[in-house]
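In what follows, a single structure is set out as structure tokens and then discussed.
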Amino acid sequence: MSLDLDFVRAHFPGLKSPWAFFDNAGGSHVLAGVAHRIQEFLLSSPVQHGASYAMSQLGMQRVAEATAAVAALIGAAHREEVVMGPSTTAQLRWLSISLGRTLVPGDEIIVSRTDHDANVSPWLDLQRQGIVIRYWSCNPDTYRLELADLEALLGSRTRLVAVTHCSNILGMINPIREIARRVHAAGALICVDGVAFAPHRRVDVQALGIDFYVFSTYKVYGPHYAVLYGKRAHLRRLPGVNHRFIAEDDLPYKFQPGNVNFELAYGMLGLTEYLQALAEHHQRPADSLAAAAEEAFALFAAHETQIAERLLGYLRQKAGIRIIGEPVADPARRVPTIAFVAQGRNSREIVEAIDPHQIAVRYGDFYAKFLIEDLGLQAQEGVVRVSMVHYNTLDEVDRLLAVLDQVL
Ligand SMILES: Cc1ncc(COP(=O)(O)O)c(C=O)c1O
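Positions 332 to 739 (the numbering used here) are the ones given, in order, by the sequence shown.
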């Protein structure tokens with residue numbers, strides 16, 4: 332049974348509009364179930380945690396329940412490994428402050444030049460304390476991050492490799508498990524930005540074998556919030572970023588400065604409930620949340636491949652168009668975040684010509700500044716990005732193709 336789009340779209344009230352929405356890598360539409368959970372929390376348990384009275388206890392239980400669900404969703408071994416925070420950018424900044432305190436001058440960090448700046452600036456700023464940055468660039472012909480190039484950068488002083496699971500421009504999936512194996516063999520840690528991956532495929536942090544993994548929930552059908560996974564042994568060892576008297580083993584609290592946004596954390600139950608309902612609706616019974624998530628994301632991947640191939644097939648045969656990324660919709664190698672440029676054309680001008688047709692696409696560098704610089708695309712204002720997710724339809728893609736026929 333293929334993905335039932337009527338079932339899917341009924342869960343997203345925001346999609347009831349004349350617009351075809353293709354800016355999902357910017358931020359997805361939100362599940363009604365997420366909004367309901369947030370409202371439920373705000374209207375019945377909005378109080379300070381840690382008190383003995385019933386409403387405070389209820390609030391704590393709700394956040395614990397949601398955190399456990401997120402842990403199961405991403406395959407974390409322990410609930411304490413799930414750190415909630417305002418954004419991926421903030422989570423990585425705090426992680427860099429903590430990790431930075433354990434480093435000494437001359438230690439090295441490898442930073443991928445395909446990453447969004449959230450996984451770049453926090454590490455570059457450690458240069459102020461004598462940390463040496465080594466850059467890992469993609470192959471400009473294939474857009475791939477080559478493992479051989481990583482091997483050449485890894486050394487006895489490497490402490491960390493910061494890399495994306497999937498570029499928010501190229502849409503290409505990096506072989507994180509294999510990268511992690513090599514990083515660990517060199518005695519270093521790996522920090523993965525999963526923001527552009529998590530909306531499309533199930534994240535399984537243990538299978539990936541990584542140390543730190545971050546994603547933004549507002550791109551995974553949820554609220555403006557972010558999840559940082561850290562291996563428990565690392566989180567215990569690293570200095571916290573919360574009040575000085577928070578115990579070293581008080582996880583995840585020592586990495587959650589201030590009162591975290593409890594209602595948004597609770598809202599994440601709306602996502603896990605959706606994945607479970609979706610697996611069930613498609614007659615893919617699952618005996619656990621993890622299994623339901625596997626089934627749901629497998630359905631997403633199959634549908635996403637169809638819609639991606641419709642657009643990629645069109646772009647491949649169009650004269651003067653360069654696809655920036657993998658040109659074929661192979662679900663093991665890419666997600667339906669598709670970027671292109673047109674010869675002699677400014678990307679802004681193309682997008683502005685599409686806007687009046689009520690089709691939401693976007694142009695720019697998407698804060699992957701190094702990648703756009705390395706590809707020499709600043710002068711044409713970056714790429715045109717069409718970023719789709721499982722709720723997009725072939726009809727929507729066909730609407731876009733009809734407009735592209737006029738515009739390109
Ligand atoms: C790949 C990637 N990483 C990180 C971020 C930053 O996320 P946040 O807004 O949660 O800081 C984005 C936002 O667009 C992104 O696309």
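Virtual Cβ for every residue (Gly too), placed ideally from N, Cα, C.
Query: Which residues bound the alpha helix (DSSP H) around V514?; Result: 507–516
Query: Just to check my reading of the structure: K750 and N573 have Cβ atoms closer than 8 Å, yes? What is that Cβ distance to the nearest angstrom?; Result: There is no way to answer for residue 750, as the model of the chain reaches only from 332 to 739.
Query: Does the distance between the C-beta of S547 and the nearest non-hydrogen atom of ligand 1 fall short of 7 Å?; Result: yes
Query: Between R665 and D354, how many whole angstroms is the CB-CB distance? I'm expecting something under 8 Å.; Result: Not a contact, Cβ separation roughly 18 Å.
Query: Closest by CA to Y597, which one among Q370, V451, G675, P616?; Result: Q370
Query: Looking only at its own chain, which residues have a Cβ that is under 6 Å from the Cβ of P349, when we skip the five neighbours before and after it?; Result: Q689
Query: Is the segment 672–692 touching the segment 594–612, taking contact as three or more C-beta pairs under 8 Å?; Result: no
Query: Are at least three pairs of beta-carbons, each pair with one atom in the segment 554–569 and one in the segment 405–422, less than 8 Å apart?; Result: yes
Query: How should V659 be labelled, buried or exposed, when 16 other C-beta atoms within 10 angstroms of its C-beta is the threshold for buried?; Result: exposed
Query: How is F352 classed by DSSP in three states: helix, strand or coil?; Result: strand
Query: Compute every distance between the C-beta of D524 and the non-hydrogen atoms of ligand 1, then say whether any falls below 7 Å.; Result: yes
Query: Between which two residues does the alpha helix (DSSP H) containing Y597 stretch?; Result: 593–598
Query: Buried or exposed for K550, please, with buried defined as at least 16 other CB atoms from any protein chain shown within 10 angstroms of its CB.; Result: buried
Query: Should S418 be listed as close to ligand 1, given that the test is whether its C-beta is under 7 Å from any heavy atom?; Result: yes
Query: For the candidate residues N499, F697, D542, whose alpha-carbon lies nearest to that of G656?; Result: N499
Query: With DSSP as the reference, label T419 as helix, strand or coil.; Result: helix
Query: Taking 6 Å as the limit between beta carbons, can you name the residues of its chain near S547, skipping five residues before and five after?; Result: T419, V526, A557
Query: In or out: R490 buried (at least 16 other Cβ within 10 Å) or exposed?; Result: buried
Query: Look at the alpha carbon of A341 and the alpha carbon of H721, and state the distance between them as a whole number of angstroms.; Result: 13 Å
Query: Hey, is T495 close to ligand 1, as in C-beta under 7 Å from one of its heavy atoms?; Result: yes
Query: Following a CB-centred definition, is Y698 positioned closer than 7 Å to any heavy atom of ligand 1?; Result: yes
Query: Thinking C-alpha only, which one of D580, I510, H555, F671 is nearest A564?; Result: D580
Query: Beta-carbon within less than 6 Å of Y384's beta-carbon, same chain only, minus the 5 sequence neighbours each way: which residues are those?; Result: none
Query: Give me, in chain order, the residues of the same chain whose beta-carbon lies closer than 7 Å to that of M599; leave out the 5 immediate sequence neighbours on both sides.; Result: A397, A400, V401, T548, G553
Query: Classify D696 as buried or exposed, calling it buried when 16 or more other Cβ atoms lie within 10 Å of its own Cβ.; Result: buried
Query: Which term fits T473, buried or exposed, when burial requires 16 or more other beta carbons within 10 angstroms of its beta carbon?; Result: exposed
Query: What residues in its chain sit with their C-beta under 7 Å from that of E482, if we drop five residues either side in the sequence?; Result: R513
Query: Is the beta carbon of L646 closer than 8 Å to that of I652?; Result: yes
Query: Hey, which unbroken runs of the alpha helix (DSSP H) at 4 residues or more fall wholly within the segment 356–433?; Result: 363–375, 385–404, 419–431
Query: Who are the near neighbours of L569 in its chain, counting only those whose CB is closer than 7 Å to its CB and skipping five residues on each side?; Result: S429, L430, T433
Query: Suppose the cutoff is 6 Å on Cβ atoms and the five residues either side in sequence are ignored; what does the same chain contact list for A617 look like?; Result: A610, A623, E626
Query: Confirm, please, whether the CB-CB distance from T724 to L334 is below 8 Å.; Result: no
Query: Note down, one range per segment and in chain order, each beta strand (DSSP E) of at least 3 residues found wholly within the segment 535–569.; Result: 543–547, 557–561
Query: Which residues in the same chain have their Cβ closer than 8 Å to the Cβ of Q587, if we skip the five residues on either side of it in sequence?; Result: V414, M415, G416, N573
Query: How close, in whole Å, do the beta carbons of W467 and D448 come, if the pair is a contact with beta carbons under 8 Å?; Result: Not really, about 15 Å apart at Cβ, beyond 8 Å.
Query: Can A356 be considered in contact with ligand 3, in the sense that its beta carbon sits closer than 7 Å to one or more heavy atoms?; Result: Ligand 3 is absent from the structure shown, which contains only ligand 1.
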